[in-house]
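Chains as they are written, first to last, in this note's numbering: chain B, 21 to 500; chain G, 21 to 500. All C-beta atoms in this analysis are idealised placements derived from N, C-alpha and C, irrespective of residue type, glycine included. As the structure is a prediction and not an experimental result, all values here were calculated from the model. These notes concern the structure reproduced below.
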Ligand SMILES: [Zn+2]
Ligand SMILES: [Zn+2]
């Protein structure tokens, strides 16, 4: 069931590995080097990793190679298949001990050729196009579009109060991303429900279409796509995002009087498609059956190149292992890179991983995901309980030298969250968040928006924490 | 001697202000608002400033307006004159109480039309152009260029040891920016001596020209210019920087055997030219004769638009006063924005300011400069003595909420450093440094490289510290 490519060793199933003593040579040991003192200086190891990444890091090469090989990686698309093949080859080239394609079944949706939000009234603006993108998963409009009056809605409460006015109209959800919030992830979290739930809630009240203000921190003319959901029993209506500049224009128009627009989308659903998570193991020297997962998602939207979301996370994860190999820092436990498929519109890969590895999740001692872009590292957020949190803080402390050593309770990652119920302590890599939601899910999320040095620093920060957890004598305390 | 534009009040010379009680109305007071408690919560004020900047900040508008009005601002050029006029108008529009053009005399150098580093041997690469920029201040080559053998030099020691081989050659200074240093400013500081001293040291040994590896943290094909110096009594030889990619190519060629190149530059010197610092005051409510300077430099190189260097600093400085006015947070002391002319190639503006204000430097209680780009704020570096350092740390602490509250000993700013000898405590704004030296002094230093949110955060951080120092009951302890 698992498509396996073994690169340096014969086939060894993980459960068996625990029974094989290191001395057999089947499990890689530290080779001819003298044994290192158990208490080798964590700060010195961290500094070596950071220096290696800054001087000769390849994170940016991984990313450049990925976006060249598979710029558009939406689940089920040829681009996603190309990304899977790219990742398999890249892991093999880096020297992972095992590389596997693990199957999952993903939705296959296509944007189509037509996406248009065109004003039809008042007369002064008739014909004006507002820059838009269909929301991921949207149904198409009828050919020629849906023409209707716009009703601007700023909150779910307002939708409830005005529900009698909604029937036959296009609901325009215009609640802005709150720029005053210090965390842009909180700003995003406070507005993205319009994108995910808007089509369902508007349709319940009889709306014929939905337009949302892009969930974005920048005021510009790049619309931001992203997944929208439907619900069985509720009419599926087409949904699109307009740029924040277009939204500000529409806000001004709506404030002056009735506005009508034509919404046309020719999105297509192709049902389910087979795909894969790409999984690579760097086997541990002493407890290879114990696993530290480094996750990111390989899929991405079909606009831009997903350079930050989440090409950078994939580059980080691959680079963690490359750095550890390069520095001969193979840890006691196995470091497993999982490049998940279908984070953006379904989480099929994440669910498949948690399901297919259910019997070894109790030996997953830690999982970390990088899915907040390739920016300067600031620290980590975690769901770890008090005991594990204290350990993580101690292990991340050497990263204070690059101002990236903070560990605080918070969100982790959509993919690895599927393992939370099993008690695996989880963390999310936390880079500087100022720019992420300017590029996220837009045509603008391209390689030139990623700083090589920032990406190298991020890869190093993750590698330091992953190495420390995977090489620690005791496993991390589990969550209860 | 000072060209003065007064915008909201009649002419009042600063020394006289100290004698005028607030009640006369000549000095702005806090207006109709109820008096605020002396111990008003510093964190609350800081939070208000940050929120206002994040929501409605205009720092990016200042910057966009500057680079549109005066993209190229090298001292003595028409662009620099346009920038002066722009700054005067912008300060007036923002509502500074006084705006003055303060004269200084600057060098006027032009790059010219021709800059070429062309390989002439070995035969396999003959005719290949290496991307280059003349160093600022360079003399021209003879027409057609200087053709000579290349001698690669990695250190001053090596230059001394091989000085007998240098005569008649083009010295190629190839010591790289040390990417492993955690501070890119240290990386820059460790390599920039090749740019500033290279032409003099090479000429002393008889070289006919100089080519340097760009002083840059990125490996790409954008050469980085910057000032080079000459010395009386030492032959002035032409000097240019090649891109880091070109440097790596040249390194490889030199390692294999003799390399020759042709260096052609048609730079021109036009002698001295009149110019100005642009100075704007927000007069203090209680001690207007005591001054807190917020500095940046208005000049910039003639390639790219100086968006980070130092358009962002100018935008920060202007925005500090706009925010304080907007929030009705006029402090006890005067906040003076000084947009210095000629930081890049002479410091004429900085010297003129320190000279012309010598008699009030003892009433300059603090000066801060922003000249490290418009990136996410991380803190400040300062030359303050222990006592003032402790105060600055306390005043900056509220910025911990945006991870920008650190204050540590370190460099401050080239312009304000002219005031150091007078005991003025100085600070430099310290943003994230990962990207600065990828853009610095290149064609790439353009508006699209500046994040609006990062710029707004930086302006807020500086505003918080400036307000706290300027509004503190006691002046900051002076340096001895
Ligand atoms: Zn993502
Ligand atoms: Zn500068």
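By the criterion of a C-beta distance shorter than 6 Å, residue 62 of chain B is surrounded in its chain by 418, once the five residues flanking it on both sides are discounted.
Interface annotation for the region 419–445 of chain G against chain B: 421, 422, 423 and 426, criterion Cβ-Cβ distance under 9 Å. Around the Cβ of residue 462 of chain G, a 10 Å sphere holds 16 or more other Cβ atoms; the residue is buried. Put simply, the CB of residue 493 of chain G is far from chain B, with every gap to its CB atoms at 8 Å or more. Excluding sequence positions up to five before and after residue 358 of chain G, its CB lies within less than 7 Å of the CB of 297, 299, 313, 315 and 373, all in the same chain and listed in chain order.
Among the residues of chain G, none has a CB under 9 Å from the CB of residue 81 of chain B; the nearest is roughly 11 Å distant.
Residue-level contact check: residue 169 of chain B does not touch chain G, since none of the beta carbons of chain G fall below 8 Å from its beta carbon.
Within a 10 Å sphere around the beta-carbon of residue 364 of chain G sit 16 or more other beta-carbons, which makes this residue buried.
Per DSSP, the unbroken alpha helix (DSSP H) holding residue 82 of chain B starts and ends at 79–89. Residue 231 of chain B places its beta carbon less than 8 Å from that of residue 137 of chain B. DSSP places residue 112 of chain G in the uninterrupted alpha helix (DSSP H) bounded by 98–114. Residue 200 of chain G carries a coil assignment under DSSP once its states are collapsed to helix, strand and coil. Relative to the non-hydrogen atoms of ligand 2, the Cβ of residue 330 of chain G comes within a distance shorter than 7 Å of at least one. Under the Cβ criterion (8 Å, minimum of three pairs), the region 449–456 of chain B counts as touching the region 398–418 of chain B.
At a cut-off of 7 Å, the beta-carbon of residue 317 of chain B counts as near ligand 1: some heavy atom of the ligand is closer than that. By the C-beta criterion, the region 272–291 of chain B is judged not to be in contact with the region 111–120 of chain B, since fewer than 3 inter-stretch pairs fall below 8 Å. For a cut-off of 8 Å, the C-beta gap from residue 151 of chain B to residue 239 of chain B is around 13 Å, too long to register as a contact.
DSSP places residue 207 of chain G in the helix class (H, G or I) of the three-state scheme.
Residue 300 of chain G sits in a strand when the DSSP states are folded into three classes.
C-alpha of residue 440 of chain B to C-alpha of residue 446 of chain B: approximately 7 Å in a straight line.
Checking the 7 Å criterion, the Cβ of residue 363 of chain B is within range of a heavy atom belonging to ligand 1. Around the beta carbon of residue 325 of chain G, 16 or more other beta carbons lie within 10 angstroms, which makes this residue buried. Interface flag for residue 450 of chain G against chain B is unset, since no Cβ pair is found closer than 8 Å.
Contact annotation: in the region 199–222 of chain G, residues whose CB is within less than 9 Å of a CB in chain B are 199, 200, 201, 202 and 204.
Residue 249 of chain B is positioned such that its CB atom lies closer than 8 Å to that of residue 220 of chain B. At a beta-carbon threshold of 9 Å, the residues of chain B lying near residue 458 of chain G are 471, 472 and 473, ordered along the chain.
Not a single CB atom of chain G sits nearer than 8 Å to the CB of residue 401 of chain B. If the five residues before and after residue 483 of chain B are omitted, its C-beta is found closer than 6 Å to the C-beta atoms of 69, 340 and 343, all from its own chain and listed in chain order.
Chain-order list of chain B residues neighbouring residue 74 of chain G: 199 and 200, by C-beta distance under 7 Å.
Within the region 280–294 of chain B, no residue has its Cβ closer than 9 Å to any Cβ of chain G. Using a 10 angstroms sphere on the CB of residue 284 of chain B, the tally of other CB atoms reaches 16 or more, which defines it as buried. Set against 7 Å, the gap from the CB of residue 391 of chain G to the closest heavy atom of ligand 2 is smaller. Residue 398 of chain B reaches chain G at 423, counting residues in chain order whose Cβ is nearer than 8 Å. Rounded to whole angstroms, the Cβ separation of residue 241 of chain G and residue 465 of chain G is 15 Å, and the two are not in contact under 8 Å. The DSSP-derived three-state label of residue 316 of chain B is strand. Chain-order list of chain G residues neighbouring residue 71 of chain B: 200, by C-beta distance under 8 Å.
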